[in-house]
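When you line the sequence shown up against our numbering, it's residues 54 to 143, in that order.
Idealized CB from N, CA, C, for every residue including glycine.
Heads up: the structure comes next, in structure tokens.
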Amino acid sequence: MTAFLVYLVVGGIIGWIASIVMHTNGQQGVLLNIVVGIVGAFIAGYVLTPLFGISTIGQGNYGLPAILVSLFGAIILLAVVNMLRRGTVR
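Structure (structure tokens):
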């Protein structure tokens, strides 16, 4: 349960940061950016972090590598959502 709450909070912040990086914070709603950030952080956390040999933010690792992997996942997922909604990445 704690891991889920961590992903909600940290993933939401990462989603907001990713939306600023991708310049989608004005095009899409804040709620969509946060939800996509949470999902992207979660997926990247459980798919990519084992490849790099680090633990996830849901496991209590708030170090830079875990945060960067989650941010990368959120940015990638935001790009995919942006392409699906607009037809191209802006």
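Beta-carbon proximity check, residue i vs residue j, cutoff 8 Å
{"i": "residue 91", "j": "residue 124", "result": "no"}
{"i": "residue 7", "j": "residue 116", "result": "An answer regarding residue 7 cannot be provided, because it is not within the stretch 54 to 143 covered by the chain."}
{"i": "residue 69", "j": "residue 96", "result": "no"}
{"i": "residue 59", "j": "residue 110", "result": "yes"}
Buried versus exposed call for residue i [16 or more other C-beta atoms within 10 Å across all chains shown]
{"i": "residue 126", "result": "buried"}
{"i": "residue 106", "result": "exposed"}
{"i": "residue 145", "result": "Residue 145 lies beyond the residue range present for the chain, which begins at 54 and ends at 143; the question has no answer from this structure."}
{"i": "residue 83", "result": "exposed"}
{"i": "residue 133", "result": "exposed"}
{"i": "residue 102", "result": "buried"}
Element boundaries [alpha helix (DSSP H), containing residue i]
{"i": "residue 115", "result": "It is not in any alpha helix (DSSP H) - residue 115 carries neither H nor E in the DSSP assignment."}
{"i": "residue 107", "result": "Careful: residue 107 lies outside any alpha helix (DSSP H) and carries neither H nor E."}
{"i": "residue 82", "result": "Note, residue 82: premise wrong, no alpha helix (DSSP H); not H, not E."}
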